[in-house]
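Heads up: the structure comes next, in structure tokens.
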Ligand SMILES: Nc1ncnc2c1ncn2[C@@H]1O[C@H](COP(=O)(O)OP(=O)(O)O)[C@@H](O)[C@H]1O
Ligand SMILES: [Mg+2]
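Chains as they are written, first to last, in my numbering: chain A, 1 to 388; chain B, 1001 to 1231.
Pasting the structure below:
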């Protein structure tokens, strides 16, 4: 009740100086907006990465270790044997050729922009958890001189959807590009490659024995179980030759790195909010000096020291809370905009909102405690300083 | 009859300043009964305002003892003095001392803001007090939109709305023309009496002559305290 009255008086005082009040809570608002936005964007990112991480775990990468000295690469028949396992949704094998690919014969052969040529067998998009961006996939057992480009390879060659189908110069012959894949976050090797069918590679004289790499897409949650039985399934005689890789530990490391950067940024923001608190303290101290006669008047009319102190404390709280609420809205809008641009799920960091508002209350109380104490100590005889 | 005096001052002394001492009051003793009406006169600088501030607990004297309705000001807690000012003492100042950002009604309401009066009753009493001084139609006006006489009437309404037992007025007509001054004095004298004491500071002898008791200060000392046959 008493607090409410004090807050009302404080509110009236602040409204009487709208610009000054607005500016001093703007500092708090910016600080809190930064906290909410940073935490929100970080969590949105983390969630996005985790989603990708879970998707990655559903794709296994199988390669030959060569430990038992057997034949080089994973045997071709592994595509059939592994493909028959119940939780396996798709398999594909890829083998790198020593071919180059350029837009035309006029480009020097050395200038390949780092694009490799892979001979592929099986459904590569399905097995690497990606899709065709545009055009047509390679047919089953494609023996024709056609190729599908990985997402980055198409970019590097300067081929976009309007140009399809078009020709590229590959190992001294023209090959028709029929499609381009979406990014395959698991298989960077696919992203930077031109894919041709195994039969075509063989008929063109590439010496192929085993598969360089086999990609296995499994049902969600069965990655570990399947990876345990793949070696014996792919190469029953020398299972030790087969290595299976699950999730990418690099992704987890990336999340950790990003979060530690957030920590640094939050520390900076905290300093900013403290500085904003000084702004509030300054505003209130100036108000106390300016309003000495009015404070004396209130004391002459019966206000206690506590009444006056409470009035200035609630003034500080109003500035800080107003700033915190405005900042929360601003920060949340920032997160929304980011999530929309990055087409990720929106996550409002409620603990960030709570922390921001809690910090604002603390800053408000701390910032107004000195002015409040000063105001409360003014004598009632200050009413006599009032000039008409 | 041993009624507690409204105001009781014993050998009040007051000095201002730490390095350069200014002695504003010396050994002033004075007692004012409940409902008593009294003029306080003296030349400028004689200590009238200082004495009034001490009576109203705005200042603590540097020597002597003050009792307001039996409460010893020297030993009372801040809250006790604040309650006295909120409920028992009404001030009227020479330069009005209205809150510049509050309307006439808001100023009168502020006079009740620190006593145990509900907001709705506060409003009711403020409206009535403003009507009593003839300013019902100026309730929403700010002090700057009122004449000096009107501002002083708002200040009187503010002082009377709390129905104080002591009314302290420091040269309330000092800044007013003749007509406005008369209206203000009439309102103060109407408000006083019965159970309400009034101490009215003035250097206007004609005005002082209208009151039943006149106390005179000179250079901080009480030089005369007599009843007025004419009143
Ligand atoms: N706050 C103060 N600080 C220093 N001197 C003061 C203060 N208030 C009053 N005085 C001095 O005390 C004396 C009495 O002043 P005052 O009570 O205002 O006289 P009056 O009201 O009779 O004109 C004057 O000399 C004045 O200068
Ligand atoms: Mg004076």
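Virtual Cβ for every residue (Gly too), placed ideally from N, Cα, C.
{"Check": "Take residue 146 of chain A and list the residues in its own chain whose beta-carbon comes closer than 6 Å to its own, dropping the five residues that flank it on each side.", "Outcome": "176, 178"}
{"Check": "Is residue 1056 of chain B near ligand 1, with its Cβ less than 7 Å from a heavy atom?", "Outcome": "no"}
{"Check": "Kindly provide the chain-ordered list of residues whose Cβ lies closer than 5 Å to any non-hydrogen atom of ligand 1.", "Outcome": "B:1016, B:1022, B:1024, B:1044, B:1045, B:1046, B:1047, B:1048, B:1049, B:1050"}
{"Check": "What residue range is occupied by the uninterrupted alpha helix (DSSP H) comprising residue 1101 of chain B?", "Outcome": "Per DSSP, residue 1101 of chain B belongs to no alpha helix (DSSP H) and is neither H nor E."}
{"Check": "What do you reckon, is the C-beta of residue 1170 of chain B under 7 Å from a heavy atom of ligand 2?", "Outcome": "yes"}
{"Check": "By the criterion of Cβ-Cβ separation under 7 Å, what are the contact partners of residue 1079 of chain B in chain A?", "Outcome": "304"}
{"Check": "Quick one: is residue 1109 of chain B near chain E, going by C-beta distance under 8 Å?", "Outcome": "In summary, chain E is missing from the structure at hand, where the protein chains are A and B."}
{"Check": "Please name the residue, chosen from B:1190, B:1196, B:1171, that lies closest to residue 1044 of chain B on a Cα-to-Cα basis.", "Outcome": "B:1171"}
{"Check": "When you compare only the Cα positions, how much space is there between residue 1095 of chain B and residue 1175 of chain B?", "Outcome": "7 Å"}
{"Check": "Assess contact between the region 1183 to 1195 of chain B and the region 1216 to 1231 of chain B, defined as three or more Cβ pairs (one per stretch) separated by less than 8 Å. Is contact present?", "Outcome": "no"}
{"Check": "Distance, Cα to Cα, residue 249 of chain A vs residue 322 of chain A?", "Outcome": "Unreliable placement is indicated for residue 249 of chain A, whose pLDDT of 47 sits below 50; no coordinate value is reported for it."}
{"Check": "Between the region 81 to 89 of chain A and the region 218 to 226 of chain A, can you find at least three pairs of beta-carbon atoms closer than 8 Å?", "Outcome": "yes"}
{"Check": "Determine, using beta carbons only, whether residue 1009 of chain B comes closer than 8 Å to chain A.", "Outcome": "no"}
{"Check": "Return the chain-ordered ranges of every beta strand (DSSP E) run that is complete within the region 1153 to 1214 of chain B and spans a minimum of 3 residues.", "Outcome": "1166 to 1170, 1197 to 1201"}
{"Check": "On a CA-only basis, which of B:1035, B:1018, B:1005 is nearest residue 1029 of chain B? Give me that one, please.", "Outcome": "B:1005"}
{"Check": "Would you mind working out which of A:331, A:6, A:245 sits nearest residue 1114 of chain B, comparing C-alpha positions?", "Outcome": "A:6"}
{"Check": "Using only CA atoms, which one of A:8, A:27, A:35 lies nearest to residue 354 of chain A?", "Outcome": "A:35"}
{"Check": "8 Å is my cut-off, CB to CB: does residue 1152 of chain B come that close to chain A?", "Outcome": "no"}
{"Check": "Please classify residue 1025 of chain B as buried or exposed, where buried requires at least 16 other C-beta atoms within 10 Å of its C-beta.", "Outcome": "buried"}
{"Check": "Does the Cβ of residue 1162 of chain B have 16 or more other Cβ atoms within 10 Å, making it buried, or fewer, making it exposed?", "Outcome": "buried"}
{"Check": "For a test of the three-state rule: what should DSSP assign to residue 249 of chain A, helix, strand or coil?", "Outcome": "Low confidence applies here, because residue 249 of chain A scores a pLDDT of 47, under 50, leaving its location unreliable; read the following figure in that light. Helix."}
{"Check": "Which residues in chain A have a C-beta closer than 7 Å to the C-beta of residue 1091 of chain B? List them in chain order.", "Outcome": "300"}
{"Check": "Give me the Cα-Cα distance between residue 119 of chain A and residue 95 of chain A, rounded to the nearest whole angstrom.", "Outcome": "5 Å"}
{"Check": "Would you say residue 273 of chain A and residue 312 of chain A are within 8 Å of each other, going by their C-beta atoms?", "Outcome": "no"}
{"Check": "Can you list, in chain order, the residues of the region 1124 to 1147 of chain B whose Cβ is nearer than 8 Å to any Cβ on chain A?", "Outcome": "none"}
{"Check": "My output table needs one value for residue 84 of chain A: the three-state DSSP class, helix, strand or coil.", "Outcome": "coil"}
{"Check": "If you reduce the DSSP assignment to three classes, tell me which class residue 233 of chain A lands in.", "Outcome": "helix"}
{"Check": "Any beta carbon from chain B within less than 8 Å of residue 380 of chain A's own beta carbon?", "Outcome": "yes"}
{"Check": "Let me confirm a value: residue 41 of chain A is counted as buried when at least 16 other C-beta atoms fall within 10 Å, else exposed. Which label applies?", "Outcome": "buried"}
{"Check": "Using Cβ-Cβ distances below 8 Å, what residues of the region 1009 to 1031 of chain B are close to chain A?", "Outcome": "none"}
{"Check": "Any beta-carbon of chain A closer than 8 Å to the one on residue 1099 of chain B?", "Outcome": "yes"}
{"Check": "Assign residue 296 of chain A to buried or exposed, taking buried as 16 or more other Cβ atoms, counted over all protein chains shown, within 10 Å of its Cβ.", "Outcome": "buried"}
{"Check": "Using a Cβ cut-off of 8 Å, which residues of the region 1033 to 1060 of chain B contact any Cβ in chain A, in chain order?", "Outcome": "1049, 1053, 1056, 1057, 1058, 1059"}
{"Check": "Identify every run of the beta strand (DSSP E) within the region 136 to 178 of chain A, keeping only runs that are complete inside it and at least 3 residues long; order them along the chain.", "Outcome": "146 to 149, 166 to 170"}
{"Check": "Whose C-beta lies closer than 7 Å to the C-beta of residue 37 of chain A among residues of the same chain, with five residues either side of it excluded?", "Outcome": "331, 334, 335"}
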